[in-house]
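In this note's numbering, the protein residues as written are 1 to 357.
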């Protein structure tokens, strides 16, 4: 009787996963206030103001036109329609773009190949000891055609992290992902592993756990071995049919779901189990952590004043406030000087009038 080969492992490849701490807001940049319009729009505004100023042979006229083009109502009322039109179009467009840049989350860096990840960023493949680097290089050259064609020293594509261990992926997944994010690490994981389906977001292309974001390199994969169960005995055809029925019945899915729940219990701290126990008056409050806390569900994030674009906006506000105070003090002193001059002239006028009469 011919043997029947039954595949008992549906995973056929490993994929590269790189992790980093997720940023919720763009880093501060002064370019946000300038790049909201294209260069040709800024050029058109300046050229229009300069041209009209030259035609009227008046610098003040050019300033008035420029103020009208940026939506400001100047003292010259010859341009009310132009001011209204530009206020409705240019100012609204500018404010919309600037506001979007201030509050939008940063784009996640995506890589198609392992070569792109190590050459265009600070991400490196994690190994526990330097002696493993040459072995990993030979393994990648044997399985990745693109990596095989790279010339030069490839040791800088790896980063040695002695405390890293792949075992923590199942014993302490939080520590596993945080270690990867801390060292900007890349690691091989089984592609589309069912054990980590709860952590997959965005169409099963990104892992997220707490503040850690992990993405999958889409193109490069390492083929894994398939395991087969070979049978050669009586009623092997019947055994094959029974195995198919077992697979169709959903028992494998049930076992996978149980593994997922067990994994979540490992993630949640032990204090969650004791949260319902009555606490004494001197005891510290117990902070419960939920599945949403672990998975990093997208909740509204408070925008920090610093390390975001609000920092430059706040600096700009302080600068304008300081300028206003300086101008106010200067105008106040100027008005006091004018007041003294008027008072002196008035006193001299009264004195001259009294001398004459």
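Beta carbons are placed, not taken as given, at the ideal position from N, Cα and C, and that holds for glycine.
Distance check for residue 37 and residue 43, CA to CA, integer angstroms please. In a straight line, the C-alpha of residue 43 is about 10 Å away from that of residue 37.
Tell me whether residue 219 sits in a helix, a strand or coil according to DSSP, three-state version. The three-state secondary structure of residue 219, taken from DSSP, is strand.
Comparing alpha-carbon positions, which option in 18, 341 and 344 lies nearest residue 179? Minimum Cα distance to residue 179 is reached at 18.
Distance, residue 167 Cα to residue 188 Cα: If I take the Cα positions, the gap works out to 13 Å.
Can you check which of these residues, 217, 150 and 165, is closest to residue 111 by C-alpha distance? Looking at the Cα atoms, 217 is the closest of the given residues.
C-alpha gap between residue 141 and residue 148, whole angstroms: Near 4 Å, if we compare the C-alpha coordinates of residue 148 and residue 141.
What does a CB cutoff of less than 7 Å around residue 246 pick up in its chain, not counting 5 residues either side in sequence? Excluding positions up to five away in sequence, the list is empty.
Look at the alpha carbon of residue 130 and the alpha carbon of residue 255, and state the distance between them as a whole number of angstroms. Their Cα atoms are separated by approximately 38 Å.
If we count the other Cβ atoms within 10 Å of its Cβ and call it buried at 16 or more, is residue 352 buried or exposed? Using a 10 angstroms sphere on the CB of residue 352, the tally of other CB atoms stays under 16, which defines it as exposed.
Residue from 341, 240 and 212 whose Cα sits closest to the Cα of residue 22: Cα-wise, what sits closest to residue 22 is 212.
Residue 176 and residue 144 closer than 8 Å at C-beta: Inclusion of residue 176 and residue 144 in the CB contact set at 8 Å is not warranted, their separation being larger than that value.
Whole-number beta carbon distance between residue 122 and residue 184, since they are thought to touch under 8 Å: Rounded to the nearest angstrom, the Cβ distance from residue 184 to residue 122 is 5 Å, consistent with a contact under 8 Å.
With a CB to CB cut of under 7 Å and the five nearest residues on each side skipped, what residues in its chain are close to residue 350? Residues of the same chain with a CB within less than 7 Å of the CB of residue 350, apart from the 5 flanking positions on each side, do not exist.
For residue 127, count neighbouring Cβ atoms within 10 angstroms of its own Cβ and tell me buried if that reaches 16, exposed if not. Flag for residue 127 reads buried.
Can the beta-carbon of residue 221 be found closer than 8 Å to that of residue 14? Pairing residue 221 with residue 14 gives a Cβ-Cβ distance under 8 Å.
Starting from residue 161, trace the beta strand (DSSP E) both ways and give me its first and last residue. It is not in any beta strand (DSSP E) - residue 161 carries neither H nor E in the DSSP assignment.
Run of the alpha helix (DSSP H) containing residue 127, from where it starts to where it stops: Bounds of any alpha helix (DSSP H) do not take in residue 127; it lies within the beta strand (DSSP E) bounded by 124-127.
Going by C-alpha distance, which of 344, 337, 214 and 50 is nearest residue 117? Considering only 344, 337, 214 and 50, the residue with the shortest C-alpha distance to residue 117 is 214.
Residue 309: buried (16+ other C-beta within 10 angstroms of its C-beta) or exposed? Buried is the call here.
Could you check what DSSP says for residue 110 in three-state terms: helix, strand or coil? The answer is coil: DSSP assigns residue 110 none of H, G, I, E or B.
Looking at C-alpha atoms only, which residue of 169, 159, 46 and 163 is the closest neighbour of residue 186? Residue 159 is the option with its Cα nearest to residue 186.
Only counting the same chain, and skipping five residues up and downstream in sequence, which positions put a Cβ closer than 8 Å to that of residue 161? The answer, listed in chain order, is 126, 127, 128, 179, 183 and 185.
Are any of the Cβ atoms in chain D nearer than 8 Å to that of residue 148? Among the chains of the structure shown, chain D does not appear; only one protein chain is present.
For residue 90 versus residue 32, is the C-beta spacing smaller than 8 Å? For residue 90 and residue 32, no; Cβs fall outside 8 Å.
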